[in-house]
Amino acid sequence: MIETLKNAWRVKELRNKILFTIFIIAIFRIGSVIPVPYINVSQLWNATTTNDFFNYLSILTGGGLEYGAIFAMSVTPYINSSIIIQLLCVAIPALERLSKEGEEGQKKLATITRYTTVILSLIQGTAYYFYLKNSNYLSVTGTGALIFAAFVIVLAFTAGSALVMWLGEQIDVKGIGNGISILLFAGILSRGPQAFEVLIKNFKANPVVVIGIVVAFFAVIGFIVWMTDAERRIPVQYAKRVVGNKMYGGQNTHIPIKVNMSGVMPIIFASSILMLPTMILSFVGDNYKGSIDRPLWYSILELFSTRGAFYAVIYFIMIIAFAYFYTTIQFNPVEMANNLRKNGGAIPGIRPGKPSSDFISKILSRITLLGALFLSVVAILPIVIGNIGGINVSLGGTSVLIMVGVALDTVKNLESQMMMRHYKGFLD
Numbered sequence: 046m047i048e049t050l051k052n053a054w055r056v057k058e059l060r061n062k063i064l065f066t067i068f069i070i071a072i073f074r075i076g077s078v079i080p081v082p083y084i085n086v087s088q089l090w091n092a093t094t095t096n097d098f099f100n101y102l103s104i105l106t107g108g109g110l111e112y113g114a115i116f117a118m119s120v121t122p123y124i125n126s127s128i129i130i131q132l133l134c135v136a137i138p139a140l141e142r143l144s145k146e147g148e149e150g151q152k153k154l155a156t157i158t159r160y161t162t163v164i165l166s167l168i169q170g171t172a173y174y175f176y177l178k179n180s181n182y183l184s185v186t187g188t189g190a191l192i193f194a195a196f197v198i199v200l201a202f203t204a205g206s207a208l209v210m211w212l213g214e215q216i217d218v219k220g221i222g223n224g225i226s227i228l229l230f231a232g233i234l235s236r237g238p239q240a241f242e243v244l245i246k247n248f249k250a251n252p253v254v255v256i257g258i259v260v261a262f263f264a265v266i267g268f269i270v271w272m273t274d275a276e277r278r279i280p281v282q283y284a285k286r287v288v289g290n291k292m293y294g295g296q297n298t299h300i301p302i303k304v305n306m307s308g309v310m311p312i313i314f315a316s317s318i319l320m321l322p323t324m325i326l327s328f329v330g331d332n333y334k335g336s337i338d339r340p341l342w343y344s345i346l347e348l349f350s351t352r353g354a355f356y357a358v359i360y361f362i363m364i365i366a367f368a369y370f371y372t373t374i375q376f377n378p379v380e381m382a383n384n385l386r387k388n389g390g391a392i393p394g395i396r397p398g399k400p401s402s403d404f405i406s407k408i409l410s411r412i413t414l415l416g417a418l419f420l421s422v423v424a425i426l427p428i429v430i431g432n433i434g435g436i437n438v439s440l441g442g443t444s445v446l447i448m449v450g451v452a453l454d455t456v457k458n459l460e461s462q463m464m465m466r467h468y469k470g471f472l473d
């Protein structure tokens with residue numbers, strides 16, 4: 046990775062792209078600490094750092110939520126809108142047709158995603174304002190002042206999310222890698238010093254636990270890198286065909302199926318749903334905490350504490366379920382088998398048609414289970430370590446998985462661009 050960065054830095058065009066990406070990241074980080082007017086930042090900071098729900102959101106927003114910053118919602122509205130549009134492409138025929146229309150269709154889907162992002166930003170910004178108001182984190186009082194403050198705060202949050210989306214698109218065009226992923230990576234990485242500070246504070250009291258956490262952290266990174274590149278290759282043979290005076294086919298190749306083909310999507314789906322009970326508890330407050338007469342619904346919601354065993358078990362099961370769901374909507378074994386038959390390809394020992402689709406479906410099912418178990422273990426490992434060692438690990442398995450995935454994709458992007466320039470110079 047370091048060697049790739051060195052080689053890329055020597056190429057002027059790539060060096061400019063890297064510097065532009067760093068410049069956009071700097072703007073993103075500045076916007077993540079500039080507070081929106083009419084918010085009592087000190088009180089908000091104390092509340093969000095002790096609240097599991099907002100602590101989780103703060104990791105994804107790079108700390109912007111703790112400051113009540115312009116970029117408080119960061120890339121989450123865009124990620125949510127992308128997931129929604131992606132799922133709707135399966136359910137709505139019109140969107141499905143757009144997804145298959147090539148570059149023009151993708152442009153129209155991108156436009157729809159942008160509008161959806163703004164709408165979600167408006168909704169989330171409004172909800173965030175009411176949370177600030179009901180928790181007395183605003184620095185103004187009076188009906189007129191609160192109405193004006195609501196307008197300013199919601200508009201600032203919505204504009205901030207739209208600007209983050211635009212910054213990510215600028216990285217796509219003029220920078221290196223996927224812009225939204227890079228900004229998400231930068232936000233998560235900014236939590237590193239805070240996690241390091243927690244480990245330093247706990248080192249004197251629990252040195253063995255802290256050393257174990259550090260060793261486990263690097264072991265998890267190595268495991269994630271290994272599993273991210275792992276794939277199952279289905280052999281394919283193409284029959285020889287004579288077209289005019291030329292012969293085509295007659296070659297052996299393979300269909301690569303990644304073990305972790307769904308990426309972090311199952312974890313994002315599962316965590317988003319499981320954080321709803323914690324979010325409700327955050328809005329309700331501590332009215333019933335420790336009370337004997339607390340209602341049944343409150344006790345049920347408390348079971349979903351992010352550090353509890355019940356949460357970990359449900360989290361584990363939901364990740365596996367969403368991994369299968371995501372694989373189902375992304376890969377169609379019947380379509381893959383039909384494409385093989387149309388192009389004169391066949392899997393050795395398997396007849397074309399339904400037997401091939403059944404074989405591919407069987408392989409997908411096994412690989413998906415392995416990838417889902419990998420994601421589940423990585424996701425709940427910080428919960429287990431935190432409960433055993435008594436230390437709240439702020440950089441969870443999801444965060445590490447995202448950081449490693451983005452880093453690997455960015456390096457591959459650099460390598461492909463350098464290879465393109467190498468061949469271009471050779472042809473010239």
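Numbering (our numbering), first residue to last: 46 to 473.
Every residue, glycine too, gets a C-beta built ideally from N, C-alpha and C.
- Each residue's CA atom was taken as its position, placing Ile164 and Ser444 some 26 Å apart.
- The beta carbon of Cys134 sits closer than 8 Å to the beta carbons of Leu140, Glu141, Leu143, Ser144, Leu154 from its chain, once the five residues preceding and following it are set aside; these are given in chain order.
- Shortest Cα-Cα distance from Arg278 to any of Pro393, Val422, Arg159, Ile69 involves Pro393.
- In the structure shown, Thr186 falls within a coil segment according to DSSP collapsed to helix, strand and coil.
- Here DSSP, grouped into helix, strand and coil, assigns Ile115 to coil.
- The Cβ atoms of Ser350 and Val379 lie no closer than 9 Å to each other.
- Cβ-Cβ distances below 6 Å link Phe314 to Phe367 in the same chain, with the five nearest sequence neighbours on each side left out; the list follows chain order.
- Between Leu459 and Ala53 the beta-carbon gap is near 5 Å, inside 8 Å, which marks them as a contact.
- Judged by DSSP secondary structure, Lys303 falls within the beta strand (DSSP E) whose first and last residues are 297–303.
- With a beta-carbon spacing of about 7 Å, Tyr283 and Asn388 fall inside the 8 Å limit used to define contacts.
- In the DSSP annotation of this structure, Pro393 is not part of any alpha helix (DSSP H), being labelled neither H nor E.
- In the assembly as shown, Tyr160 is an exposed residue. Its beta-carbon has fewer than 16 other beta-carbons within 10 Å.
- With a cutoff of 9 Å on beta-carbon distance, Pro82 and Ile198 are scored as near each other.
- Annotation for Arg60: Ala53, Trp54 place their beta carbon closer than 8 Å to its own, counting only its chain and skipping 5 residues before and after.
- Rounded to whole angstroms, the Cβ separation of Met272 and Val243 is 27 Å, and the two are not in contact under 8 Å.
- Excluding residues up to 5 positions away in sequence, Ile425, Ile428, Val429 lie with their Cβ nearer than 8 Å to the Cβ of Ala357 in the same chain.
- Residue pairing by DSSP places Glu380 opposite no residue, since no beta bridge is assigned to it.
- The three-state secondary structure of Arg236, taken from DSSP, is coil.
- For the pair Leu418 and Ser119, the Cα-to-Cα distance works out to about 29 Å.
- Straight across, the Cα-Cα distance linking Leu326 with Ile318 is about 14 Å.
- Boundaries of the beta strand (DSSP E) around Tyr283: 276–283.
- Here the C-alpha atom of Phe241 lies approximately 14 Å from the C-alpha atom of Phe263.
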